[in-house]
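Below is one structure; the comments refer to it alone.
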Amino acid sequence: MPTPDYYNVLGVSRKATQEDIKKAYRGLAMRWHPDRNPDDQQAEQRFKDITAAYRCLSNPQERGRYDRLGPLYHPDGRPPRPEELNEVVSTAWGNLFRRRRKKKGEDLRYTVSTSLEEVALGMEKEIVVPRMVRCRNCGGDGANPDGGRKTCEVCGGTGRATGPRLFRNNCFHCDGRGFQVVIPCATCSGEGRHAREDTLKVKVPPGVATGQKLKLAGKGNAPAGSGPEGDLFVIVSVAEHELFRRRGDDVLVEIPLTFAEVTLGTNLTVPTLEGTTTIRIPPGTAPGRVFRLANRGLPRVGKSRRGDLHLQVVLEVPGDLDEAQRVALGAWAEQLPPSAHPRRAAFVKSLGERS
Ligand SMILES: [Zn+2]
Ligand SMILES: [Zn+2]
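Under my numbering, the first residue of the sequence shown carries the number 2, and numbering increases by one thereafter.
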């Protein structure tokens, strides 16, 4: 670890006199002494830093060496090792980067289920998302709004440390916030955010498919610090439909017809995504035939024309006949001329030629 900015640690300027340094040290050492902060590792580390800073800066010769070496200074006087040089450089880069970027809250994912009919029309759905929100009571800084924060005495509220660029640029004492929390906010226990079930509206555009992602910017978690909220990614899941099957923008429906209906023709009520409509089934309709209702399928994202609705004829062979019905059906079949079934007749004829 590079040596911290000793001036910053003691909260004194680089021109501080020996008297200033001694005074700053006494105040801080008292406040952060392990006896006064039992079982507090942060306080213990801070006390160590304070003591090391004082030991160095209170000795004019060491102070001179520190001023020349900065983060490469070592209390035991040894020269810096190459890996320490590397670390100082990368830490400095990290600090430069961090200064410009406040930490964003976590992104969240949420799956929303929708039906094919809803996809056809597009809609607005209400979803309940458990997420971390910024605490309103303290505005996110974690301090009790009634006198819970105190201006940082080291940076005077600016949050900036003085000193060369290579050092951490945030004030060491307040972590760059400019204040210290003396009484934590009761609502968020000082974290600045808390969990809440948030009811959000999500617009599902017409024509979306399963797996499509919708981004709700800023509706992810609030960060623990002062950065921006993360994003919420809503993943669409379109439920299987008992009637409609999706083929891209087209929709397929199987329509079961009886033998009499395909033979004689009929007017048939069929389902559409919006409701129902009636189509004409002409006499002699073959099973497997597809009736296409143009522009009645799913909307195409970003286009005005919709896909088509395909209605496919399926012949349902009658089952569960009683004796009288079987006899009637047999009698009816027997009195049909061969020309009623031309393919069947041709088949039988070709069989006769083979024998
Ligand atoms: Zn709070
Ligand atoms: Zn400060």
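For glycine and all other residues, C-beta sits at the position ideal for the given N, C-alpha and C.
Among the options, which one has its Cα closest to the Cα of residue i?
i, options, result
"residue 287", "312, 19, 299", "312"
"residue 300", "280, 205, 41, 176", "205"
"residue 253", "58, 145, 293, 9", "293"
"residue 12", "225, 207, 155, 282", "155"
"residue 308", "255, 241, 208", "208"
"residue 43", "112, 119, 173", "173"
"residue 274", "284, 246, 281", "246"
"residue 125", "135, 113, 136, 348", "113"
"residue 244", "118, 39, 321, 33", "118"
"residue 211", "239, 80, 194", "239"
"residue 214", "297, 111, 128, 295", "111"
"residue 142", "20, 17, 176, 32", "176"
"residue 153", "161, 180, 145", "180"
"residue 304", "36, 331, 349, 250", "250"
"residue 361", "329, 270, 237, 321", "There is simply no residue 361 to check, as the chain begins at 2 and stops at 356 in what is shown."
"residue 151", "131, 129, 178", "178"
"residue 9", "36, 34, 40, 52", "52"
"residue 25", "36, 4, 39, 48", "48"
"residue 220", "131, 46, 329", "131"
"residue 235", "15, 22, 115", "115"
Determine the DSSP secondary structure at residue i, reduced to helix, strand or coil.
i, result
"residue 8", "helix"
"residue 340", "helix"
"residue 282", "strand"
"residue 100", "Because residue 100 carries a pLDDT of 48, less than 50, the predicted location of this residue cannot be relied on, and the following value inherits that uncertainty. The answer is helix: DSSP assigns residue 100 an H, G or I state."
"residue 141", "coil"
"residue 184", "coil"
"residue 16", "coil"
"residue 216", "strand"
"residue 335", "helix"
"residue 72", "helix"
"residue 301", "coil"
"residue 269", "strand"
"residue 327", "helix"
"residue 315", "strand"
"residue 209", "coil"
"residue 63", "helix"
"residue 292", "strand"
"residue 21", "helix"
"residue 365", "The first residue shown for the chain is 2 and the last is 356, placing residue 365 beyond what the model contains."
"residue 203", "strand"
"residue 109", "strand"
"residue 260", "helix"
"residue 171", "strand"
"residue 159", "coil"
"residue 346", "helix"
"residue 275", "coil"
"residue 196", "strand"
"residue 310", "strand"
Is it buried or exposed, residue i, if we count other Cβ atoms within 10 angstroms and call 16 or more buried?
i, result
"residue 325", "exposed"
"residue 310", "buried"
"residue 50", "buried"
"residue 60", "exposed"
"residue 202", "exposed"
"residue 133", "buried"
"residue 355", "exposed"
"residue 262", "buried"
"residue 241", "exposed"
"residue 157", "exposed"
"residue 54", "buried"
"residue 171", "buried"
"residue 224", "buried"
"residue 268", "exposed"
"residue 282", "buried"
"residue 315", "exposed"
"residue 135", "buried"
"residue 280", "exposed"
Let me check you understand the geometry: is the CB of residue i closer than 7 Å to at least one non-hydrogen atom of ligand 4?
i, result
"residue 205", "With respect to ligand 4, the structure shown offers nothing to examine, as its ligands consist of ligand 1 and ligand 2."
Practice item. Kindly confirm or deny that the segment 104 to 113 and the segment 230 to 250 touch, where touching means at least three C-beta pairs closer than 8 Å. Key: yes
**Study point:** Neighbourhood of ligand 1 [Cβ distance below 5 Å to any heavy atom], ordered by chain position
**Key:** 136, 138, 139, 186, 188, 189
Practice item. Mind the definition here: the segment 58 to 77 touches the segment 186 to 194 only if three or more C-beta pairs lie below 8 Å; say whether that holds. Key: no
Practice item. Would you list the residues whose beta-carbon is nearer than 6 Å to any heavy atom of ligand 2, in the order they occur in the chain? Key: 153, 155, 156, 160, 172, 174, 175, 179
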